[in-house]
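In our numbering, the protein residues as written are 502 to 691. In what follows, a single structure is set out as structure tokens and then discussed.
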């Protein structure tokens, strides 16, 4: 009988090299990076969604101001008086623009901030979910004449049609979100 006993081979199962541990750590690091990247993407999308919602609120507020101004003009029987200093509801065209040749419209000037709009524009009331109520300015833009027949085979009479430019400013739920819209409104007054 051989007195030598077989000893287990240290290279086969008795001693492990740790390859599985290294693989698992690398795999865990990859999953962590993917998770953090996914969270950052979700946070960015949430911010974009919030900004879009705020912009939509400002846009809707400006639209409401346009509709209020158009409704006011539609209800006027006589042509409204104009002013160059804002003392009437209707401004003379470009009365607010100190330099009409510089290529910058008055509503884009940096001096036309929130305090300027509050002092010179008409405010709309009752808008919910906004940081400030929407405002509008009406300008008498241009008057044109056209021939209107009095009846079939009858005479024609010259009628004046007045075009008004309405500029509205809406604010979203965040006071830094601002939308400006314009519309043209034409009416023939009595």
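Note that the Cβ used here is the ideal one computed from N, Cα and C, for glycine as well.
| Item | Value |
| --- | --- |
| C-alpha gap between residue 612 and residue 537, whole angstroms | 44 Å |
| Sequence-distant residues of its chain with Cβ nearer than 7 Å to residue 682 (five each side left out) | 563, 564, 567, 669 |
| Minimum C-alpha distance to residue 592 - residue among 686, 680, 641, 672 | 641 |
| Pick from 680, 547, 534 that is closest to residue 631, judged by C-alpha positions | 680 |
| Any C-beta of chain D under 8 Å from that of residue 683 | Judged by its chain identifiers, the structure shown contains no chain D, having just a single protein chain. |
| As assigned by DSSP and simplified to three states, the class of residue 644 | strand |
| Counterpart residues of residue 701 in DSSP-defined beta bridges | Outside the shown range of the chain, which is 502 to 691, sits residue 701, and nothing can be said about it. |
| Residue 529 versus residue 541: straight-line alpha-carbon distance, rounded | 18 Å |
| Beta-carbon gap between residue 660 and residue 580 smaller than 8 Å | no |
| Cβ-based neighbour list, residue 608, same chain, cut-off 7 Å, excluding 5 preceding and 5 following | 668, 681 |
| Collapsed DSSP secondary structure at residue 591 in the structure displayed | strand |
| Same chain, Cβ closer than 6 Å to residue 621, five either side skipped, listed in chain order | 587 |
| Proximity below 8 Å, CB of residue 627 to CB of residue 556 | no |
| Coil, strand or helix - residue 624 by DSSP | strand |
| Neighbourhood of residue 647 by C-beta distance below 8 Å, restricted to the same chain and skipping five residues each side | 659, 660, 662 |
| Rounded distance between the beta-carbons of residue 676 and residue 635, thought under 8 Å | About 13 Å separates the two Cβ atoms, so there is no contact after all. |
| Residue 523 classed as buried or exposed, judged by whether at least 16 other C-beta atoms fall within 10 angstroms | exposed |
| Residue 601 to residue 610 span [Cα, whole Å] | 12 Å |
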